[in-house]
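K.L.:
So that we are looking at the same thing, I have put the structure below in structure tokens.
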DNA sequence: GTCTATATCTCGATAGAC
DNA sequence: GTCTATCGAGATATAGAC
């Protein structure tokens, strides 16, 4: 039983946005991938490509956010959690031929100056990730937890940039180790 | 005395790639910005948009690379150098309305899976940045210097991603502080 | 090297029948 | 909700005169 057309469009859009970004992704490509007629896209998303894109970003963001507790909850401690998080990202990236990195990073860089709708969608996702990450560092004070989370996200996103260009997981793992040690130091205080 | 047409095309292309990425930048837009005829683009760059793009990325990369010694040389020590580097990036980003971030990051994410020519151009730039950064940490052993440099670039690139989406320099400064402390710790060993 | 003109294609989006 | 057909614009690239 296939998901309904609206869901298929969102999922197809999300996947294409993740891999090629917003500008390079055409509505034709989305509907083909979703096996949906063109008219359906404009039926479900009267705002066209931009509305579909924004909703796809939000959905991707919510899915990806679930990884944070999923990984940290099985880790023995936050430091190990950080290492596992980056190792998992590196493994997935490699297994997908360096295609599946962050679901929103490309779009965030691309359209932040060109579409306020898309930019705000990305901003919302980052905010939700920061909130979710914050909760993983209850041992330190709120301000420190916030900074550690933001630093972790920066390291992760930047790691993806270098890793995709170099077709190597090395930058991602080095960035992860940097964050792990920072968390370690914060917990020691 | 204006630069010759080829240079103007490269500079215009580099600026547009930095701000909007590869897919969103049209050749028409490049020649308009460069005040050059369309035919000139194909005269100087027979490989079309892709060749111009790759050369623009390389040129941007070489320019940006000069910032590394320019900043670190006037800094009293590497730790301060790192802080100044991130502060400078944050200031420039803010002053340009969050437009001028990394000249190659957007392209690196966008086309790494779609154009091998462009991907290799980005990879080459990152390699050269790593080499240049390495030389700024002569106090530690080569392996550590390399890891610090890569971590710094990851933090910088990721900081740009979050900063552009959030229209705030906060992520960039937090990421810079993370790296500064890591350098501090490495120098203390 | 630069000009004008254009070929060919794909883009996002819409119309109207069903 | 889905179909077919198509709009107008803009994309990359090329041709041929100068």
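Protein chains in written order, with the working numbering: chain A, 62 to 250; chain B, 62 to 250.
Note that the Cβ used here is the ideal one computed from N, Cα and C, for glycine as well.
Quick one: list the residues of chain B neighbouring residue 183 of chain A, beta-carbon separation under 8 angstroms, in chain order.
P.N.:
226
K.L.:
Under 9 angstroms between C-beta atoms, does residue 101 of chain A make it to chain B?
P.N.:
no
K.L.:
Using a C-beta to C-beta distance shorter than 8 angstroms, which residues of chain A count as neighbours of residue 235 of chain B?
P.N.:
208, 211, 212 and 215
K.L.:
Pick helix, strand or coil for residue 78 of chain A, following the three-state DSSP scheme.
P.N.:
Helix.
K.L.:
Please confirm whether residue 139 of chain B has its beta-carbon closer than 9 angstroms to some beta-carbon of chain A.
P.N.:
At a cut-off of 9 angstroms between beta-carbon atoms, residue 139 of chain B makes no contact with chain A.
K.L.:
Residue 198 of chain B and residue 247 of chain B: beta carbons closer than 9 angstroms?
P.N.:
yes
K.L.:
Taking Cβ-Cβ distances below 7 angstroms as the criterion, which residues of the stretch 163-196 of chain A are in contact with chain B?
P.N.:
166, 167, 169, 170, 171, 173, 174, 175, 180, 183, 184 and 187
K.L.:
Please name the residues in the stretch 62-94 of chain A whose beta-carbon is closer than 9 angstroms to at least one beta-carbon of chain B, in chain order.
P.N.:
80, 81, 82, 83, 84, 85 and 86
K.L.:
Does the beta carbon of residue 239 of chain A come closer than 9 angstroms to any beta carbon on chain B?
P.N.:
By this cut-off, residue 239 of chain A is an interface position.
K.L.:
Is residue 171 of chain A closer than 9 angstroms to residue 261 of chain B when the C-beta atoms are compared?
P.N.:
No information on residue 261 of chain B is available, as it lies outside the stretch 62 to 250 that chain B covers here.
K.L.:
Thinking residue 209 of chain A and residue 244 of chain A are a contact (beta carbons under 8 angstroms), I'd like their distance in whole angstroms, please.
P.N.:
6 angstroms
K.L.:
Out of B:147, B:205 and B:70, which has the shortest C-alpha to C-alpha gap to residue 234 of chain B?
P.N.:
The shortest Cα separation from residue 234 of chain B among B:147, B:205 and B:70 belongs to B:147.
K.L.:
Quick one: measure Cβ to Cβ for residue 226 of chain B and residue 215 of chain A, integer angstroms, because I've assumed they're closer than 8 angstroms.
P.N.:
Residue 226 of chain B to residue 215 of chain A, Cβ: 12 angstroms. No contact.
K.L.:
Tell me whether the beta-carbon of residue 74 of chain B lies closer than 9 angstroms to the beta-carbon of residue 114 of chain B.
P.N.:
yes
K.L.:
Tell me whether residue 105 of chain A sits in a helix, a strand or coil according to DSSP, three-state version.
P.N.:
helix
K.L.:
Classify residue 92 of chain B as helix, strand or coil using the three-state DSSP reduction.
P.N.:
Residue state, collapsed to three classes: helix.
K.L.:
Tell whether a beta-carbon distance below 9 angstroms holds between residue 238 of chain B and residue 96 of chain B.
P.N.:
no
K.L.:
Compare the C-beta of residue 222 of chain B with all C-beta atoms of chain A and state if any pair is closer than 9 angstroms.
P.N.:
yes
K.L.:
Put residue 116 of chain B into one of helix, strand or coil per three-state DSSP.
P.N.:
helix
K.L.:
Go ahead and pull the three-state DSSP assignment for residue 228 of chain B.
P.N.:
coil
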